[in-house]
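**Student:** Below is one structure. I have some questions about it.
Residue numbers (my numbering), protein chains in the order written: chain A, -2 to 226; chain B, 95 to 562.
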């Protein structure tokens, strides 16, 4: 508490002298000193996104493909299960990690695989033995090709990052256009009781730390697949 | 001349002549520039975004006490323990006492420049803890017992062969020339660390006052695992990281990615608002956030340079800096290198000892032009120069300017010097580049242009008399 008061006192002392209004900073000065002029939407500056659902869908698909993620628009639960079964066979899944949710509850039975659920406290070693993490999400974001997850919507913090393949099951209605929209969504859905973890996942895990050459699956999933239905 | 300045000069001289090093850096930065420009051009209005980002930071930094208290209040309300540290020593002590309290042995770390700033790894290793850097670049430089080369690309100065040799030596892996295989070697080693570590340590890119959350930007997933699996999580952040509202991130996250790596958004942008909540299955049982001052309030008190606290550590100014590109990151001998490092370090570590960084600049202004939060970087280099000279005037410069003034105010003296110059330059080859040469720092590696054989005045006189 002592250091806290000392630091705050130093800050207040420092701020008694106003920052100079130079030619360089003039455009950066808030008009009113109470932050009132800061209530703007970032939408006007960020990359543009079309209004129609088809435009959002195309942009999301394109962005995710650029990020080397996979996207599949399915018409029915049967089609989803068939595509998941194809992935299961191709990648030789042995065990699925998932969480309880409207879209994920039946997945183990449908794929005839043992299921590990991260609904309560669990052992990370058991999660590590799973071939795939299948989660729901809060939203898909067309502007960046991102998947928005929280600890409440996607089975905690680790399920969507620890297994080598992350599969997301989403509804078409969850496709939002842009980042400002995603933050509006977070506020209207959760405020003031936010989950302790919120993440924008933009493609499979990656690194460019060796000679700026892209490698997927640095620490998180090597593959990311989004099913939208 | 003092220690850091001499070292800087020596290393800069060596690296500037190292063509291989230059090639590596230029290749890496060339790739960066291409993607950065592509992503930047996808914005509807980059200039507007910059203006807005700068405004938001202005607001936050100039009301720092209010926003910090809001941030801390929200964070504490959800069970996070907040600590305040005036100095690096205090921050290290707080972290050590948390580790001892938890009887921790192994700490897994995601990338945090603040921890470099307070030399945390050395302190922890000294106290007998095992510390593992989990970001691939940081992991590599940690194995090499080096500091990060660049705030965003820590291992930018290395090629795959060197990394392979390092892994063979330190990890006993098989040699390989494939970046993918090298990454997988590190992945295998580090996976076990996340599961076994007692404490996960992170930095912070932003702190949201409105909701009491810290925001971490990364690509690899190492920060997410660090924040998910260990039982205790510790975040060390500078007090200037705060932004007022949650939606401010809608602007800052894509801008940080664009300028940092050229991506439209990095792979993971995560917000942490506390330890595991009762309805959640995982996450740390305890969450500690340490707010670090470490002379940031002194910089805040320098109203002229206050905007350098807007910095979001994207590294864009390093990437465009002709000095950085030539001398490289390690030459600076500082935590933060490049233009922002040259501005910050004199405040963080002492003006007289680190002023040379502000003089090592061509003042081209590329840094100021690229900065996404509009820090007036190259003018701050000038401010540092002015402040350092005001504090401690240079005797030689004073004498030189006095002599210059004496000559330039007397036409006969000026004329004499011009004649003498022409004559003396003929003798110059005798001492060229030697310690006797007054122009040595130039002539050691370059030629001086010859002084014209006649002055314009002489030429004009001749011409006029010829016409008559």
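Every residue, glycine too, gets a C-beta built ideally from N, C-alpha and C. The structure displayed is predicted, hence computed values, not measured ones.
For residue 560 of chain B, collect the residues of the same chain with a Cβ closer than 8 Å to its Cβ; drop the 5 residues on either side in sequence, then sort them by chain order.
**Tutor:** Within the second chain, residue 560 of chain B is the residue found at index 466, counting from 1. Cβ within range, chain order: n/a, list empty.
**Student:** Against chain A, with Cβ distances strictly below 9 Å, would residue 253 of chain B count as a contact?
**Tutor:** Counting from 1 along the second chain, the entry for residue 253 of chain B is found at position 159. Answer yes: the Cβ-Cβ gap between residue 253 of chain B and chain A drops below 9 Å somewhere.
**Student:** I'd like the list of long-range same chain contacts for residue 434 of chain B, defined as Cβ closer than 6 Å, with 5 residues on each side in sequence excluded.
**Tutor:** For this step, residue 434 of chain B is matched to residue 340 along the second chain. So the qualifying residues of the chain are 405, 411.
**Student:** Looking at residue 118 of chain A: is its Cβ nearer than 9 Å to the Cβ of residue 172 of chain A?
**Tutor:** Within the first chain, the letter at position 121 stands for residue 118 of chain A. Within the first chain, the letter at position 175 stands for residue 172 of chain A. Not a contact, by the Cβ cut-off of 9 Å.
**Student:** Decide if residue 61 of chain A is buried, meaning its Cβ has at least 16 other Cβ atoms within 10 Å, or exposed.
**Tutor:** The count along the first chain starts at 1 and reaches residue 61 of chain A at position 64. Flag for residue 61 of chain A reads buried.
**Student:** From the beta carbon of residue 82 of chain A, is the nearest beta carbon of chain B less than 9 Å away?
**Tutor:** Numbered from its first residue, the first chain carries residue 82 of chain A at position 85. Closer than 9 Å: no.
**Student:** So who's on the other strand from residue 495 of chain B, going by DSSP bridges?
**Tutor:** Numbered from 1 along the second chain, position 401 holds the residue referred to as residue 495 of chain B. Beta-bridge pairing links residue 495 of chain B to no other residue.
**Student:** Measure from the C-beta of residue 263 of chain B to each C-beta in chain A and report whether the shortest distance is under 9 Å.
**Tutor:** Reading the second chain from its first residue, position 169 is the one you call residue 263 of chain B. No, residue 263 of chain B does not count as interfacial toward chain A.
**Student:** Below 7 Å between beta carbons is the criterion; list the residues of the region 59 to 79 of chain A that meet it against any residue of chain B, in chain order.
**Tutor:** Residues: none.
**Student:** Can residue 112 of chain A and residue 315 of chain B be called in contact, C-beta distance under 9 Å?
**Tutor:** Numbered from its first residue, the first chain carries residue 112 of chain A at position 115. Numbered from its first residue, the second chain carries residue 315 of chain B at position 221. Going by C-beta atoms, residue 112 of chain A is not nearer than 9 Å to residue 315 of chain B.
**Student:** Residue 196 of chain A and residue 215 of chain B: beta carbons closer than 9 Å?
**Tutor:** The residue labelled residue 196 of chain A in the question sits at position 199 within the first chain. The residue labelled residue 215 of chain B in the question sits at position 121 within the second chain. Not closer than 9 Å, so no.
**Student:** Here's the rule: buried if 16 or more other CB atoms are within 10 angstroms of the residue's CB, otherwise exposed. What is residue 222 of chain A?
**Tutor:** The residue you call residue 222 of chain A lines up with position 225 of the first chain. Result: buried.
**Student:** What are the residues in the region 365 to 380 of chain B lying within 8 Å of chain A by C-beta distance?
**Tutor:** Those residues of the region 365 to 380 of chain B that come within reach of chain A (Cβ to Cβ, closer than 8 Å) are 365, 366, 367, 368, 369, 370, 371, 373, 374, 375, 376, 377.
**Student:** Mind checking if residue 481 of chain B is an interface residue toward chain A, Cβ cutoff 9 Å exclusive?
**Tutor:** Taking the second chain and counting its residues from 1, the one referred to as residue 481 of chain B is at position 387. No, no contact with chain A.
**Student:** Can you say whether residue 382 of chain B is buried or exposed, counting buried as having 16 or more other CB atoms within 10 angstroms of its CB?
**Tutor:** In the second chain, counting from the first residue as 1, residue 382 of chain B sits at position 288. Label assigned to residue 382 of chain B: buried.
**Student:** What residue does the beta strand (DSSP E) around residue 382 of chain B start on, and which one ends it?
**Tutor:** If you number the second chain from 1, residue 382 of chain B lands on position 288. 380 to 386 is the extent of the beta strand (DSSP E) around residue 382 of chain B.
**Student:** Considering only C-alpha positions, which residue in the set B/422, B/453, B/470, B/251 is nearest to residue 480 of chain B?
**Tutor:** Here residue 480 of chain B refers to the residue found at position 386 of the second chain. Out of B/422, B/453, B/470, B/251, B/453 has the C-alpha closest to the C-alpha of residue 480 of chain B.
**Student:** Mapping the DSSP letters down to three states, classify residue 198 of chain A as helix, strand or coil.
**Tutor:** What you label residue 198 of chain A is simply residue 201 of the first chain in a count that begins at 1. Note: residue 198 of chain A maps to strand in three-state DSSP.
**Student:** Could you round the C-beta distance between residue 185 of chain B and residue 212 of chain B to whole angstroms and report it? I think they count as a contact, below 8 Å.
**Tutor:** Within the second chain, the letter at position 91 stands for residue 185 of chain B. Within the second chain, the letter at position 118 stands for residue 212 of chain B. Right, the Cβ-Cβ distance comes to about 5 Å (below 8 Å), so this counts as a contact.
**Student:** Just grab the DSSP bridge partners of residue 203 of chain A for me.
**Tutor:** Here residue 203 of chain A refers to the residue found at position 206 of the first chain. Bridge partners of residue 203 of chain A: A/213.
**Student:** Using 10 angstroms around the beta-carbon of residue 11 of chain A, count the other beta-carbons present and answer buried if the total reaches 16, otherwise exposed.
**Tutor:** For the purposes of this step, residue 11 of chain A is identified with residue 14 of the first chain, where counting begins at 1. Per the 10 Å Cβ criterion, buried.
**Student:** For chain A, check one thing: does any of its Cβ atoms lie closer than 9 Å to the Cβ of residue 117 of chain B?
**Tutor:** Position 23 of the second chain, counting from 1, holds the residue named residue 117 of chain B. Cβ-Cβ to chain A under 9 Å: no for residue 117 of chain B.
**Student:** Indicate whether at least one CB of chain A lies closer than 9 Å to the CB of residue 361 of chain B.
**Tutor:** In the second chain, the residue the question calls residue 361 of chain B occupies position 267. Judged by the 9 Å Cβ criterion, residue 361 of chain B is in contact with chain A.
**Student:** Within 10 Å of its beta-carbon, does residue 554 of chain B have 16 or more other beta-carbons around it, so buried, or fewer, so exposed?
**Tutor:** For the purposes of this step, residue 554 of chain B is taken as residue 460 along the second chain, with counting starting at 1. The residue is exposed, with fewer than 16 neighbouring Cβ atoms inside 10 Å.
**Student:** Does residue 131 of chain A get closer than 9 Å to chain B when you measure Cβ to Cβ?
**Tutor:** Residue 131 of chain A sits at position 134 when you count from the first residue of the first chain. No - not a single Cβ of chain B is within 9 Å of the one on residue 131 of chain A.
**Student:** From the DSSP output, read off the bridge partner residues of residue 173 of chain A.
**Tutor:** The sequence position of residue 173 of chain A within the first chain is 176, counting from 1. In DSSP, residue 173 of chain A forms a bridge with A/138.
**Student:** Cutting at 7 Å between CB atoms, please list the residues of its own chain near residue 63 of chain B, excluding the five before and the five after it.
**Tutor:** Absent from the model: residue 63 of chain B. The displayed extent of chain B is 95 to 562, so no value can be given.
**Student:** Which residues in chain B have a C-beta closer than 9 Å to the C-beta of residue 184 of chain A? List them in chain order.
**Tutor:** Numbered from its first residue, the first chain carries residue 184 of chain A at position 187. Under the 9 Å cutoff, chain B gives 305, 340, 341.
**Student:** Mind listing the chain B neighbours of residue 144 of chain A? Cutoff is C-beta to C-beta under 7 Å, in chain order.
**Tutor:** Taking the first chain and counting its residues from 1, the one referred to as residue 144 of chain A is at position 147. Within 7 Å Cβ-Cβ: nothing; residue 144 of chain A doesn't reach chain B, min ~11 Å.
**Student:** Could you work out which residues of chain A lie near residue 289 of chain B, taking near to mean beta carbons separated by less than 8 Å?
**Tutor:** Along the second chain, one-based indexing puts residue 289 of chain B at 195. Per Cβ cutoff of 8 Å: 121, 122, 125.
**Student:** Give a yes or no on whether 9 Å exceeds the smallest Cβ distance from residue 398 of chain B to chain E.
**Tutor:** No chain E is present in this structure, whose protein chains are A and B.
**Student:** Could you check how far apart the C-beta atoms of residue 162 of chain A and residue 128 of chain A are, in whole angstroms? I think they sit under 8 Å.
**Tutor:** What you label residue 162 of chain A is simply residue 165 of the first chain in a count that begins at 1. What you label residue 128 of chain A is simply residue 131 of the first chain in a count that begins at 1. So it is a contact: roughly 7 Å between Cβ atoms.
**Student:** For residue 368 of chain B versus residue 42 of chain A, is the C-beta spacing smaller than 9 Å?
**Tutor:** Within the second chain, residue 368 of chain B is the residue found at index 274, counting from 1. Within the first chain, residue 42 of chain A is the residue found at index 45, counting from 1. Their beta carbons are not under 9 Å apart, which means residue 368 of chain B does not touch residue 42 of chain A by this criterion.
**Student:** Compare the Cα-Cα distances from residue 354 of chain B to each of B/134, B/224, B/506 and report the closest residue.
**Tutor:** By one-based count along the second chain, residue 354 of chain B stands at place 260. Of B/134, B/224, B/506, the residue nearest in Cα terms is B/134.
**Student:** Does the Cβ-Cβ distance between residue 66 of chain A and residue 56 of chain A come in under 9 Å?
**Tutor:** On the first chain, residue 66 of chain A is found 69 positions in, with the first residue counted as 1. On the first chain, residue 56 of chain A is found 59 positions in, with the first residue counted as 1. Not in contact: residue 66 of chain A and residue 56 of chain A (Cβ atoms no closer than 9 Å).
**Student:** Across the region 276 to 286 of chain B and the region 225 to 235 of chain B, are there enough close Cβ pairs to call them in contact, namely three or more that are closer than 8 Å?
**Tutor:** As far as the Cβ criterion goes, the region 276 to 286 of chain B touches the region 225 to 235 of chain B, which means the pair count is three or higher.
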